[in-house]
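Start counting the sequence shown at 1; every next residue gets the next number (this note's numbering).
Working notes, structure below.
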Amino acid sequence: MSQEIAVVGDPEFTTGFRLAGVRRFENVADEQKGTELDDAVTTVLDDEGVGIVVMHDDDLEHLSRNVRQDVETSVEPVVVTIGSGTGGGGLRDQIKRAIGIDLMEEDEEDNE
1 MSQEIAVVGD
11 PEFTTGFRLA
21 GVRRFENVAD
31 EQKGTELDDA
41 VTTVLDDEGV
51 GIVVMHDDDL
61 EHLSRNVRQD
71 VETSVEPVVV
81 TIGSGTGGGG
91 LRDQIKRAIG
101 IDLMEEDEED
111 NE
């Protein structure tokens, strides 16, 4: 079964992904994030057709404790956050959590 990428966030955030061909998205306006973001994230996490969920890093602040914990521990679908607070280490940890190995790990013999 083929799985899709889903994007959750404000329309400005999701538009670029939609233009790139992502068909599954949940638009939540900034002023509604406090009340509607939890439902939007839960909807995509529960969708068996979604394999990857993309969110903006700053949107994690708007999630309730339970939904945020679901996002942080989700393996399938894997949740990838991008934005101002995500550095290389954060993305590295997300990839490692998703596939179970560290693709960026350097071989110690190569460094000697």
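Beta carbons are placed, not taken as given, at the ideal position from N, Cα and C, and that holds for glycine.
Apart from the five residues just before and just after residue i, which ones in its own chain have a Cβ nearer than 6 Å to its Cβ?
| i | result |
| --- | --- |
| residue 14 | 7, 25 and 27 |
Since I believe residue j is in contact with residue i (beta carbons under 8 Å), could you give me their beta-carbon distance rounded to a whole number of angstroms?
| i | j | result |
| --- | --- | --- |
| residue 4 | residue 23 | 7 Å |
| residue 42 | residue 67 | 6 Å |
| residue 56 | residue 35 | Actually they are not in contact, since the Cβ atoms of residue 56 and residue 35 sit about 17 Å apart, beyond 8 Å. |
Going by DSSP in three states, residue i sits in which element: helix, strand or coil?
| i | result |
| --- | --- |
| residue 50 | strand |
| residue 76 | coil |
| residue 34 | helix |
| residue 23 | coil |
| residue 6 | strand |
| residue 86 | With a pLDDT of 45 at residue 86, under the threshold of 50, the modelled position of this residue cannot be trusted, and the question is left open. |
With a threshold of 7 Å on Cβ separation, who are the neighbours of residue i within its own chain once the five nearest residues in sequence on each side are excluded?
| i | result |
| --- | --- |
| residue 2 | none |
| residue 48 | none |
Assuming contact is defined by CB atoms lying nearer than 9 Å, are residue i and residue j in contact in what I supplied?
| i | j | result |
| --- | --- | --- |
| residue 50 | residue 71 | no |
| residue 30 | residue 10 | yes |
| residue 83 | residue 58 | yes |
Beta-carbon within less than 8 Å of residue i's beta-carbon, same chain only, minus the 5 sequence neighbours each way: which residues are those?
| i | result |
| --- | --- |
| residue 63 | 37, 38, 41 and 71 |
| residue 44 | 6, 8, 24, 26, 50, 53 and 77 |
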